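Student: Residues in the sequence shown are numbered from 31 upward in steps of one, following our numbering. Here a beta-carbon is modelled for each residue, glycine too, at the ideal position from N, C-alpha and C. Computed from a predicted structure; not experimentally measured. First, the structure itself, so that you have it in front of you.
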Amino acid sequence: MSENKSLEDTLDWFNHRISTIVSKYRNTAIKQVRAILNRIEELKTAAHRFDYSDLKDPDVYQNYATTIYNRTLETFEDLEAPENVTYNILDSLNRDLNNRIHSYVNLLAKYLSWLKRDRSYKNNVKNLDRALTRVKEDVYFFENKTLVSYSKIVKYEKVADDLESLIELVERKKEIVAEINSHADDIAKITKIVDKKQKELDELKEHPGYLQLEKNKKELDHIEISISNKISEIKKLSSKVLKASESKKVELSDYDKDTMKSLIKDPLTTLVKEGEGYRGIKATLRILKEVGNSPAVQMKKEKLKRAYENIEEIINDGLAENQQKAKFLINQSEAINRKFSDLNMNVRIKKLNEEINNYKIDRQRITLSLEREKEEIEDKVTTIVKSVEKRIEEYIEKTVKLVLE
């Protein structure tokens with residue numbers, strides 16, 4: 031049976047449940063960190079013996095020695111044991127320690143090679159080497175033993191981290207919603223303007239002439255589809271014949287070439303431009319049928335047969351009704367548009383459309399970035415919630431339903 035819990039309660043409850051599991055790993059890790067810091071203090075003490083900065087006229091070797099002392103303090107300054115222990119914090123500390131040690135080893139390689147030539151520095155160099163070796167050994171143990179062992183509880187820490195992230199995300203979402211709501215008056219004002227202009231636009235579009243234009247357009251679309259269906263195979267045949275013509279394998283007049291190209295590109299316009307009975311198209315189709323059987327025109331028999339059937343249908347006035355209807359609709363639409371032009375209807379409709387679109391864009395921009403951030407947060411929250419609930423059930427055998435509000 032699942033238990034409903036708020037994010038904050040779940041975080042406290044989960045941390046309490048895992049405390050006995052993680053405490054020994056954290057205590058061991060912090061103990062090891064303190065041991066490393068003690069070793070570093072020993073290193074600083076050993077380096078202090080190289081300080082000759084109080085001499086008025088130090089020689090070159092003494093200057094080198096003082097440089098080692100100063101750089102030792104600089105390299106290992108500001109190192110402290112972390113207050114809160116997590117794997118990420120410890121891993122970051124480990125990488126920091128290794129970087130500092132690497133830099134320090136390079137420094138010593140530059141200066142100790144000179145000091146080793148002077149026997150008076152022999153013991154100091156030995157003590158510094160010994161102190162550095164101890165630091166390196168402790169860091170190596172920390173990296174290869176302590177951190178490896180600590181990694182066993184990373185999965186628990188990840189759940190706690192995700193719960194903290196959820197709390198922050200939910201809080202941020204509340205802030206965003208409040209900010210979006212604060213723009214409600216501005217949005218309402220623009221919405222009122224949009225509604226008013228939309229009403230004006232709707233009234234214009236209810237004009238009988240405009241309605242007729244819309245009706246004519248739909249009918250012309252249907253006619254165009256009907257024509258395209260009837261000349262589909264004819265287009266393919268025309269393309270092959272034109273290609274054969276380009277290679278001089280068949281002969282075509284310029285008129286027939288142009289008509290075929292027009293039928294391929296825009297059959298409706300080609301048909302409408304013809305006179306009643308479209309004699310020019312019929313003549314071209316007869317030529318097309320004559321050359322279609324040429325060896326130069328390679329087309330599958332079944333497709334060629336359908337093309338010929340369509341040609342015969344069109345030659346027998348199969349498109350006459352479509353032509354007449356299309357001519358009537360186009361002429362009627364042109365007449366309406368001329369009248370609209372006199373009344374400035376198209377200009378008014380275009381202007382209102384542009385104004386409405388611009389106002390909508392302005393309205394959207396007010397909260398666009400906030401809405402996008404809100405959506406991104408919601409997506410993240412959904413993903414993390416499912417993952418956290420699943421892992422809690424897996425890790426501590428407890429079914430929890432996270433309550434976000």
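Identify every residue that forms a DSSP beta bridge with residue 364.
Tutor: Along the sequence shown, one-based indexing puts residue 364 at 334. Partner(s): none; residue 364 has no beta bridge.
Student: Between which two residues does the beta strand (DSSP E) carrying residue 234 extend?
Tutor: Numbered from 1 along the sequence shown, position 204 holds the residue referred to as residue 234. Note, residue 234: premise wrong, no beta strand (DSSP E); alpha helix (DSSP H) at 214 to 235.
Student: Under the three-state reduction of DSSP, which class applies to residue 431: helix, strand or coil?
Tutor: Counted from its first residue, the sequence shown places residue 431 at position 401. Reduced to three states, the DSSP call for residue 431 is strand.
Student: Which of the three DSSP states is assigned to residue 312 in this structure?
Tutor: The residue given as residue 312 occupies position 282 in the sequence shown. Helix at residue 312.
Student: Mind pulling the alpha helix (DSSP H) runs of 4 or more residues that sit fully within the segment 52 to 109?
Tutor: 90 to 105
Student: Along the chain, which unbroken stretches of the beta strand (DSSP E) at least 3 residues long are found entirely within the segment 138 to 222?
Tutor: none
Student: Would residue 67 and residue 123 qualify as a contact pair, given that the criterion is a beta-carbon distance under 8 Å?
Tutor: In the sequence shown, residue 67 corresponds to position 37, counting from 1. In the sequence shown, residue 123 corresponds to position 93, counting from 1. No, Cβ-Cβ distance for residue 67 and residue 123 is not below 8 Å.
Student: Looking at the structure shown, is residue 281 part of a helix, part of a strand, or coil, going by DSSP?
Tutor: Stepping through the sequence shown from its first residue, residue 281 is reached at position 251. Coil.
Student: Does DSSP put residue 333 in a helix, in a strand, or in coil?
Tutor: Taking the first residue of the sequence shown as position 1, residue 333 is located at position 303. Residue 333: helix per DSSP, three-state reduction.
Student: Per DSSP, what kind of secondary structure is residue 33 in: helix, strand or coil?
Tutor: Taking the first residue of the sequence shown as 1, we reach residue 33 at position 3. Of the three classes helix, strand and coil, the one that applies to residue 33 here is strand, per DSSP.
Student: Within the continuous alpha helix (DSSP H) that includes residue 251, where are the two ends?
Tutor: As a first step, residue 251 must be located in the sequence shown, where it is residue number 221. 238 to 260 is the span of the alpha helix (DSSP H), which, as asked, contains residue 251.
Student: Consult DSSP for residue 322 and reduce its assignment to one of helix, strand or coil.
Tutor: As a working mapping, residue 322 is identified with position 292 in the sequence shown. DSSP places residue 322 in coil when its eight states are reduced to three.
Student: Between the alpha carbons of residue 88 and residue 151, how many angstroms are there, rounded?
Tutor: In the sequence shown, counting from the first residue as 1, residue 88 sits at position 58. In the sequence shown, counting from the first residue as 1, residue 151 sits at position 121. Cα to Cα, residue 88 sits roughly 14 Å from residue 151.
Student: To which residues of the same chain is residue 97 closer than 7 Å at the C-beta, ignoring the five residues directly before and after it?
Tutor: Position 67 of the sequence shown, counted from the start, is the residue given in the question as residue 97. Cβ within range, chain order: 141.
Student: With a CB to CB cut of under 8 Å and the five nearest residues on each side skipped, what residues in its chain are close to residue 105?
Tutor: Here residue 105 refers to the residue found at position 75 of the sequence shown. For residue 105, where only same-chain residues beyond five positions count, the Cβ hits under 8 Å are 130, 133, 134 and 137.
Student: Within the continuous alpha helix (DSSP H) that includes residue 388, where are the two ends?
Tutor: Counting from 1 along the sequence shown, the entry for residue 388 is found at position 358. 375 to 426 is the span of the alpha helix (DSSP H), which, as asked, contains residue 388.
Student: If you pair each beta-carbon of the segment 258 to 278 with each one of the segment 385 to 404, do three or more pairs fall below 8 Å?
Tutor: no
Student: Go through its chain and collect everything with a Cβ distance to residue 291's Cβ below 6 Å, but skip five positions before and after it.
Tutor: In the sequence shown, residue 291 corresponds to position 261, counting from 1. The answer is none, since no qualifying residue turns up.
Student: Report yes if the CB atom of residue 404 is closer than 8 Å to the CB atom of residue 203, and no otherwise.
Tutor: Position 374 of the sequence shown, counting from 1, holds the residue named residue 404. Position 173 of the sequence shown, counting from 1, holds the residue named residue 203. Cβ distance < 8 Å, so residue 404 and residue 203 count as in contact.
Student: By Cβ distance, which residues of its chain are closer than 6 Å to residue 379, with the 5 residues on each side in sequence left out?
Tutor: As a first step, residue 379 is located in the sequence shown; it is residue number 349 there, counting from the start. Cβ neighbours of residue 379 beyond the five flanking positions: 234.
Student: Have a look at residue 50 and residue 408 and give me their C-alpha separation to the nearest angstrom.
Tutor: For the purposes of this step, residue 50 is identified with residue 20 of the sequence shown, where counting begins at 1. For the purposes of this step, residue 408 is identified with residue 378 of the sequence shown, where counting begins at 1. Going by the C-alpha atoms only, they are around 34 Å apart.
Student: Kindly indicate which three-state DSSP category residue 129 falls into: helix, strand or coil?
Tutor: Within the sequence shown, residue 129 is the residue found at index 99, counting from 1. Note: residue 129 maps to helix in three-state DSSP.
Student: Between which two residues does the alpha helix (DSSP H) harbouring residue 301 extend?
Tutor: Here residue 301 refers to the residue found at position 271 of the sequence shown. Where residue 301 is concerned, the enclosing alpha helix (DSSP H) stretches over 297 to 303.
Student: In three-state terms, what does DSSP make of residue 328?
Tutor: The count along the sequence shown starts at 1 and reaches residue 328 at position 298. Note: residue 328 maps to coil in three-state DSSP.
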